Amino acid sequence: MKKYSAFSLFKNALTNNKNWQASWRDASPKSKYDAIIVGGGGHGLATAYYLAKNHGMKNIAVVEKGWIGGGNTARNTTIVRSNYLCKESSLLYEKSLKLWEGLSQDINFNVMFSQRGVYNLGHTLQDMRDIERRVSANQLNGIDAEVVNAQQIKEAIPLINTSATARYPILGASLQRRAGVARHDAIAWGYARAASELGVDIIQQCEVTGIRKNGSQVTGIETTRGYIESKKVGVVVAGHASVLADMAGIRLPLESHPLQAYVSEPLKPVLDTVIMSNAVHGYVSQSDKGELVIGAGIDSYIGYGQRGSFHTIEHCMQAIIALFPNFSRVRMLRQWGGIVDVSPDACPILSKTPVEGLYLNCGWGTGGFKATPGSGWTFAHTIANNQPHELNAPFSLDRFSTGALIDEHGAAAVAH
Amino acid sequence: MLLIKCPWCGERDETEFSYGGEAAIKRPLKPKDLNDKDWADYLFMRKNTRGLFLEQWNHSVGCRQWFLVERNTVTYEIISTKRMNSDALNSEDSQ
Chain A
3 MKKYSAFSLF KNALTNNKNW QASWRDASPK SKYDAIIVGG GGHGLATAYY LAKNHGMKNI
63 AVVEKGWIGG GNTARNTTIV RSNYLCKESS LLYEKSLKLW EGLSQDINFN VMFSQRGVYN
123 LGHTLQDMRD IERRVSANQL NGIDAEVVNA QQIKEAIPLI NTSATARYPI LGASLQRRAG
183 VARHDAIAWG YARAASELGV DIIQQCEVTG IRKNGSQVTG IETTRGYIES KKVGVVVAGH
243 ASVLADMAGI RLPLESHPLQ AYVSEPLKPV LDTVIMSNAV HGYVSQSDKG ELVIGAGIDS
303 YIGYGQRGSF HTIEHCMQAI IALFPNFSRV RMLRQWGGIV DVSPDACPIL SKTPVEGLYL
363 NCGWGTGGFK ATPGSGWTFA HTIANNQPHE LNAPFSLDRF STGALIDEHG AAAVAH
Chain B
779 MLLIKCPWCG ERDETEFSYG GEAAIKRPLK PKDLNDKDWA DYLFMRKNTR GLFLEQWNHS
839 VGCRQWFLVE RNTVTYEIIS TKRMNSDALN SEDSQ
């Protein structure tokens with residue numbers, strides 16, 4: 003694989019860009035692998051990459067039902083941050099954020115990680131108390147965080163409505179300056195390219211239809227492209243986690259919901275940071291192309307169709323206009339949905355299972371994108387060593403019977 | 779937006795309703811006999827079905843009754859709605 007560089011850009015420009023190599027090998031399935039990752043989204047590809055890079059496993063396949071980067075990796079609002087309240091989750095997301103900081107160099111692919119800061123707004127006294135608490139907790143865990151007041155917000159973001167007479171006045175915010183956004187497609191393409199380079203087979207258009215076991219040991223997967231043998235299978239399929247787990251006879255504490263996102267027509271630069279608000283319930287940033295990238299909450303019902311209801315869109319737009327009245331005449335360009343697997347404590351499951359050799363990475367709910375590198379890093383460790391990394395040990399499937407839930411619901415600066 | 783037929787009030791917009799998730803989850807009759815795994819199963823584990831799914835909805839800004847909806851979770855098509863009573867729940871049980 004030829005390395006991407008300024009020189010390679012220049013050289014290929016001279017030949018009308020006709021000589022670029024394909025970024026990864028579109029492989030056909032072999033009959034046997036040392037490990038199979040089900041799901042070719044960001045998390046699955048990252049897992050395969052770190053299995054190869056950190057753990058020296060070379061005979062690995064990623065099987066994907068559709069195409070690389072066509073699922074939630076391509077459907078999120080690209081926000082990356084680590085300001086979670088609970089120690090377990092903040093350390094996992096911080097590991098991820100640290101990996102983001104060096105990722106473009108590591109995988110030789112520009113993931114356009116832009117640390118433009120994330121503001122989580124507070125609109126009530128209780129919001130501000132929660133923000134103070136979370137910022138303090140972040141600082142104790144070595145994560146950058148600060149509390150800013152309404153005037154500081156107004157100075158940084160001139161268009162925001164900080165009027166004291168607003169229906170939900172902005173009183174302040176938490177600010178994580180190292181947080182930001184990244185190019186969502188690039189993370190899938192970059193990890194796919196880097197994993198393929200290390201020998202990982204990336205198999206698209208290959209849907210898993212069954213999981214074969216011998217006693218309590220997994221032996222392989224049935225797919226639409228035939229049976230593939232492996233004693234280690236990692237399932238990383240987000241919204242379809244329950245469907246795959248059911249094939250192995252495992253029940254999961256997940257519910258899959260549609261989560262919608264939206265982009266506006268392109269505007270000149272108006273917003274150089276990320277704004278999130280729980281109280282009015284919406285989040286917005288501006289992409290490099292100039293579009294406002296907007297998201298809000300999930301649709302209430304269980305849904306596997308990658309679309310949601312119109313009133314959810316309306317609710318989201320109301321929230322954004324409450325924060326930015328100037329955006330009221332901006333036209334929305336596109337809207338889409340992804341399927342998010344929500345767990346009872348709003349925390350992921352990165353875990354071994356009762357089936358030997360079967361590993362689960364799911365339950366990221368509405369906020370998995372930011373965790374892509376850390377998720378892959380720790381899940382690869384779990385698969386390679388058959389035991390969890392210290393960072394993902396608390397995120398076991400067992401926690402629902404031991405009671406050791408990690409209560410991020412309503413505490414994570416995030417609008418669930 | 780879904781158009782949901784409340785068995786009491788007729789067809790109304792989704793915004794009048796709130797969602798109650800999977801239907802026919804039975805509260806354990808002998809709680810003292812349950813181990814931690816059984817409790818986890820009752821409290822947290824869900825079918826999360828892809829396809830035809832029996833769920834409960836509440837007409838929260840209407841008659842405030844809970845009722846059952848059979849819905850396709852892929853196409854979102856509502857197959858039927860019915861009043862919540864033991865007959866309706868037991869017929870699900872026997873499936």
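Chains as they are written, first to last, in the working numbering: chain A, 3 to 418; chain B, 779 to 873.
Where a beta carbon is used, it is the ideal one built from N, C-alpha and C, also for glycine.
Model, not experiment: these values are computed from the prediction.
Under 8 Å by Cβ, that's how I've got residue i and residue j pegged, so tell me the actual separation to the nearest angstrom.
i: Pro327 of chain A; j: Glu293 of chain A; result: Not really, about 19 Å apart at Cβ, beyond 8 Å.
i: Gln2 of chain A; j: Ala166 of chain A; result: The requested residue 2 of chain A does not occur in the structure, where chain A is confined to residues 3 to 418.
i: Ser377 of chain A; j: Asn363 of chain A; result: 6 Å
i: His283 of chain A; j: Gly299 of chain A; result: 6 Å
i: Val295 of chain A; j: Gly192 of chain A; result: That pair is no contact at about 20 Å.
i: Lys97 of chain A; j: Leu352 of chain A; result: Not quite, the Cβ-Cβ distance comes to about 12 Å (not below 8 Å), so this is no contact.
i: Thr164 of chain A; j: Ala152 of chain A; result: 5 Å
i: Thr80 of chain A; j: Phe381 of chain A; result: About 21 Å separates the two Cβ atoms, so there is no contact after all.
i: Met779 of chain B; j: His313 of chain A; result: 5 Å
i: Ser302 of chain A; j: Ser796 of chain B; result: 7 Å
Across which residues does DSSP place residue i in a beta bridge pair?
i: Ile63 of chain A; result: Position check: residue 63 of chain A holds Ala in this sequence, whereas Ile was assumed. In the DSSP output, where bridge partners are listed per residue, Ala63 of chain A has A:Ile38 and A:Asp203.
i: Ala263 of chain A; result: A:Gly297 and A:Trp338
i: Ala175 of chain A; result: A:Leu123 and A:Val150
i: Tyr285 of chain A; result: A:Met278 and A:Gly297
i: Ile213 of chain A; result: A:Ile223
i: Arg195 of chain A; result: Per DSSP, none; premise fails for Arg195 of chain A.
i: Ser138 of chain A; result: Answer by DSSP bridge pairing: none, since Ser138 of chain A is not bridged.
i: Glu848 of chain B; result: B:Leu832 and B:Ser858
i: Leu807 of chain B; result: Answer is none; Leu807 of chain B lacks a bridge partner.
i: Pro271 of chain A; result: In the DSSP output, where bridge partners are listed per residue, Pro271 of chain A has none listed.
i: Cys364 of chain A; result: A:Ile351
Using 8 Å as the threshold, is the C-beta distance between residue i and residue j below it?
i: Asp814 of chain B; j: Thr355 of chain A; result: no
i: Ile38 of chain A; j: Val239 of chain A; result: no
i: Ala50 of chain A; j: Val64 of chain A; result: yes
i: Asp343 of chain A; j: Gly367 of chain A; result: yes
i: Ile145 of chain A; j: Gly44 of chain A; result: no
i: Tyr35 of chain A; j: Ile213 of chain A; result: no
i: Ala76 of chain A; j: Asp248 of chain A; result: no
i: Trp26 of chain A; j: Ala194 of chain A; result: yes
i: Thr275 of chain A; j: Gly124 of chain A; result: no
i: Ala175 of chain A; j: Tyr86 of chain A; result: no
i: Ile782 of chain B; j: Val852 of chain B; result: no
i: Ala15 of chain A; j: Arg169 of chain A; result: no
i: Leu47 of chain A; j: Ala184 of chain A; result: no
i: Glu410 of chain A; j: Arg824 of chain B; result: no
i: His837 of chain B; j: Glu792 of chain B; result: no
i: Ala818 of chain B; j: Phe397 of chain A; result: no
i: Glu358 of chain A; j: Ser218 of chain A; result: yes
i: Phe822 of chain B; j: Pro390 of chain A; result: no
i: Gly840 of chain B; j: Arg790 of chain B; result: yes
i: Gly365 of chain A; j: Gly339 of chain A; result: no
i: Thr225 of chain A; j: Val210 of chain A; result: yes
i: Cys349 of chain A; j: Ile408 of chain A; result: yes
i: Asn110 of chain A; j: Lys13 of chain A; result: no
i: Val82 of chain A; j: Leu99 of chain A; result: yes
i: Val150 of chain A; j: Leu173 of chain A; result: no
What is the residue span of the alpha helix (DSSP H) that residue i lies within?
i: Asn56 of chain A; result: Gly44 to His57
i: Ile323 of chain A; result: Phe312 to Leu325
i: Lys32 of chain A; result: Careful: Lys32 of chain A lies outside any alpha helix (DSSP H) and carries neither H nor E.
i: Ile109 of chain A; result: Lys89 to Ile109
i: Lys354 of chain A; result: Note, Lys354 of chain A: premise wrong, no alpha helix (DSSP H); beta strand (DSSP E) at Ile351 to Lys354.
i: Val245 of chain A; result: Ala243 to Met249
i: Tyr86 of chain A; result: Premise fails: Tyr86 of chain A is in no alpha helix (DSSP H) and is neither H nor E.
i: Ser796 of chain B; result: Here Ser796 of chain B belongs to no alpha helix (DSSP H); instead the beta strand (DSSP E) covers Ser796 to Glu800.
i: Leu821 of chain B; result: Asp814 to Leu821
i: Arg401 of chain A; result: Arg401 to Thr404
Which residue marks the beginning of the beta strand (DSSP E) containing residue i, and which one marks its end?
i: Gly236 of chain A; result: Val235 to Val237
i: Ser10 of chain A; result: Counting along the chain, Ser10 of chain A falls outside any beta strand (DSSP E), though it belongs to the alpha helix (DSSP H) covering Ala8 to Leu16.
i: Lys372 of chain A; result: Here Lys372 of chain A belongs to no beta strand (DSSP E), and DSSP marks it neither H nor E.
i: Lys783 of chain B; result: Leu781 to Cys784
i: Glu833 of chain B; result: Leu830 to Asn836
i: Arg861 of chain B; result: Ile856 to Arg861
i: Tyr229 of chain A; result: Gly228 to Glu231
i: Arg790 of chain B; result: Gly788 to Asp791
Quiz item: Can at least three beta-carbon pairs, one atom from the region 240-253 of chain A and one from the region 287-301 of chain A, be found at a separation below 8 Å?
Solution: no
Quiz item: Taking three-plus beta-carbon pairs below 8 Å as touching, is the region 825-838 of chain B in contact with the region 788-804 of chain B?
Solution: yes
Practice problem: Taking 8 Å as the threshold, find out whether the region 258-266 of chain A comes into contact with the region 99-106 of chain A through three or more Cβ pairs. | Solution: no
Quiz item: Taking three-plus beta-carbon pairs below 8 Å as touching, is the region 200-211 of chain A in contact with the region 139-158 of chain A?
Solution: no
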